[in-house]
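Shown next, in structure tokens, is the structure this report addresses.
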Amino acid sequence: MFFPIEAIVGAVTLITFLLYFLCTKESQKHSKPLPTKIPGGWPVIGHLFHFNNDGDDRPFARKLGDLADKYGPVFTFRLGLPLVLVVSSYEAIKDCFSTNDAIFSNRPAFLYGEYLGYNNTMLFLANYGPYWRKNRKLVIQEVLSASRLEKFKQVRFTRIQTSIKNLYTRINGNSSTINLSDWLEELNFGLIVKMIAGKNYESGKGDEQVERFKNAFKDFMVLSMEFVLWDAFPIPLFKWVDFQGHIKAMKRTFKDIDSVFQNWLEEHINKREKMEVGAEGNEQDFIDVVLSKLSKEYLDEGYSRDTVIKATVFSLVLDAADTVALHINWGMALLINNQNALKKAQEEIDTKVGKDRWVEESDIKDLVYLQAIVKEVLRLYPPGPLLVPHENVEDCVVSGYHIPKGTRLFANVMKLQRDPKLWPNPDNFDPERFVAADIDFRGQHYEYIPFGSGRRSCPGVTYALQVEHHI
43 MFFPIEAIVG AVTLITFLLY FLCTKESQKH SKPLPTKIPG GWPVIGHLFH
93 FNNDGDDRPF ARKLGDLADK YGPVFTFRLG LPLVLVVSSY EAIKDCFSTN
143 DAIFSNRPAF LYGEYLGYNN TMLFLANYGP YWRKNRKLVI QEVLSASRLE
193 KFKQVRFTRI QTSIKNLYTR INGNSSTINL SDWLEELNFG LIVKMIAGKN
243 YESGKGDEQV ERFKNAFKDF MVLSMEFVLW DAFPIPLFKW VDFQGHIKAM
293 KRTFKDIDSV FQNWLEEHIN KREKMEVGAE GNEQDFIDVV LSKLSKEYLD
343 EGYSRDTVIK ATVFSLVLDA ADTVALHINW GMALLINNQN ALKKAQEEID
393 TKVGKDRWVE ESDIKDLVYL QAIVKEVLRL YPPGPLLVPH ENVEDCVVSG
443 YHIPKGTRLF ANVMKLQRDP KLWPNPDNFD PERFVAADID FRGQHYEYIP
493 FGSGRRSCPG VTYALQVEHH I
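Position 230 of the sequence shown, counting from 1, maps to 272 under the numbering used here, and the rest follow consecutively.
Next up, the structure:
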């Protein structure tokens, strides 16, 4: 049967309006007020134009910070149909990640999670539940445990030492400019693939699969940030008809990523099958560790062992790649522009370590000022200026406001960590503020949560800090 295009468009419009009114109908039974909703929203599309056509190229977190200055640290808007809650004060952050931690433990559904994230099997995309708990336990207790990372200490040290020596050689042998951002990216990526898959990587030399994965990974990062119609208007039409071409691009990128992970996994399975009994003491990378913990017949929430392993490995790559290199980049830039802090750090290293050997991870505990520098860089430039969005599974109260079930939570960490009520001269680079302060990275000090807070905080904190301090 043939349906005119006008009828199809009319039906879609009607369905969208019905969904809009269902989503925006707020219950009047609750006793708490709703947060301020920023003005300028349109029916159905909400505030999409407010952010897309503002001519402001600054990061989204900074735009939301300006709105917080105008409307307060707790406000809402709509990105299409979904309601978004933005919080940036100590009190609101604590309400979300302490009082309401379990309620805000879910993730919103994004199309990239389905097409690029192994159907939301990746740890940071999975909804809170038995699968997520078991997977996070596996990562924290087995893959990224202190004892496991200790076994990789020599791998990290050798890789960092070799990269720094190569950098010195290039500086002394070539007067042309060296891009330190690229050098850091190569160093960090080499560390990641060595620890995860046992691969030795150097740009332009070696494993073609690793190079292919690196390129696909960059495509993943771009596609995961794209505006996708379905994310704002979750109706089947925007899956059936790929108006923007994003779904096609996601499928192509996922195919490249998955083929590399599948090859790595098969290599490790074959290696384990050839190992003699008692050879378990051989050096293990992260894929080996996960394989040793999950049987071939493993099935959880409908996900096979191979899918869980590939999704878990991909999560580890994302956590490490997204955090370490960018933060070290900012740290070097801040030190270059703050010579007094750089001089103090050098003097501390000369005093505590000496000039006749490399700094080792065991030295870090004695380098108090270096630790303060790392904390201050993370305060000014957190790895995620906005935490990965959360979603509440039931109605709750944040800072005295009623928050309806299904609201997407954006925690503005950049705004929080530059709040003048919490941090004197918040835009100044001042490591001294952390020298005597008992504030750590674990998310229990709600004025300082560079790696998130609550049960969905970043599981890779220990690894990230070990590498950042060392470099």
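Glycine included, each C-beta is placed from N, C-alpha and C at the ideal position.
When C-beta atoms of the segment 286-296 are compared with those of the segment 143-157, three or more pairs fall below 8 Å, so the two segments count as touching.
For threonine 211, the enclosing alpha helix (DSSP H) covers residues 195-215. Closest option to valine 477, judged by alpha-carbon separation, among Ala387, Asn454, Val440: Ala387.
Minimum Cα-Cα distance from phenylalanine 231 among the listed residues Phe259, Thr211, Asn379 corresponds to Phe259.
Residues Lys236, Met237 of the same chain have their beta carbon placed closer than 7 Å to that of valine 197, with the five preceding and five following residues left out of the count. Look at threonine 78 here: in three-state DSSP terms it is strand. When secondary structure is reduced to three states using DSSP, alanine 151 falls in the coil class, being assigned neither helix nor strand. Taking a cut-off of 8 Å for Cβ pairs, the segment 106-124 and the segment 71-87 touch, as three or more such pairs fall below it. Annotation: the continuous beta strand (DSSP E) that includes phenylalanine 452 extends over 450-453. When Lys316, Gly215, Leu123 are compared, the shortest CA-CA separation from tryptophan 84 is found for Leu123. Taking a contact to require three or more Cβ pairs closer than 8 Å, the segment 289-309 and the segment 339-358 qualify as touching. The three-state reading of DSSP puts valine 126 in strand, counting E and B together.
The C-beta distance from valine 332 to aspartate 342 rounds to 13 Å, too long to fall under 8 Å, and the pair is not in contact.
Bounds of the alpha helix (DSSP H) holding isoleucine 299 are 288-316. Of the residues assessed, isoleucine 481 falls on the exposed side of the cut-off, its CB having fewer than 16 other CB atoms within 10 angstroms. At the C-beta level, phenylalanine 471 and asparagine 380 come within 7 Å of one another.
Secondary structure of cysteine 500 (DSSP, three-state): coil. For arginine 450 against leucine 127, the beta-carbon gap comes to about 7 Å, under 8 Å, which counts as contact. By the criterion of a C-beta distance shorter than 7 Å, isoleucine 370 is surrounded in its chain by Leu226, Glu510, Ile513, once the five residues flanking it on both sides are discounted. Cβ atoms of serine 495 and tyrosine 488 come within 8 Å of each other, at about 7 Å.
Scanning its chain for C-beta atoms nearer than 8 Å, with the 5 sequence neighbours on each side dropped, one finds around glutamine 203 the residues Trp400, in chain order. Between the C-alpha atoms of lysine 407 and alanine 363 there is a straight-line separation of about 24 Å.
In the structure shown, leucine 464 adopts coil according to DSSP, grouped into three states. If you check the CB distance, arginine 149 and asparagine 169 come in under 7 Å.
A check of alpha carbon separations from glutamate 433 across Phe152, Pro492, Asn214 identifies Phe152 as the nearest. In the structure shown, glutamate 402 falls within a coil segment according to DSSP collapsed to helix, strand and coil.
With respect to the C-alpha of tyrosine 340, the residue from Cys138, Ala110, Tyr173 having the closest C-alpha is Tyr173. When DSSP assignments are scanned along the segment 246-278, the uninterrupted stretches of alpha helix (DSSP H) that are 4 or more residues long and fall wholly within it turn out to be 250-266, 271-274. Within the model, the alpha-carbon separation for tyrosine 243 versus valine 252 is close to 7 Å.
When DSSP states are grouped into helix, strand and coil, valine 359 belongs to the helix group. Residue environment for leucine 76: exposed (fewer than 16 other C-beta atoms within 10 angstroms of its C-beta). Secondary structure of threonine 118 (DSSP, three-state): strand. Where histidine 444 is concerned, the enclosing beta strand (DSSP E) starts and stops at 443-445. Of the residues assessed, arginine 175 falls on the exposed side of the cut-off, its CB having fewer than 16 other CB atoms within 10 angstroms. DSSP places glutamate 339 in the coil class of the three-state scheme, outside both helix and strand.
Cβ neighbours of isoleucine 182 within its own chain (closer than 8 Å, five residues either side excluded): Pro501.
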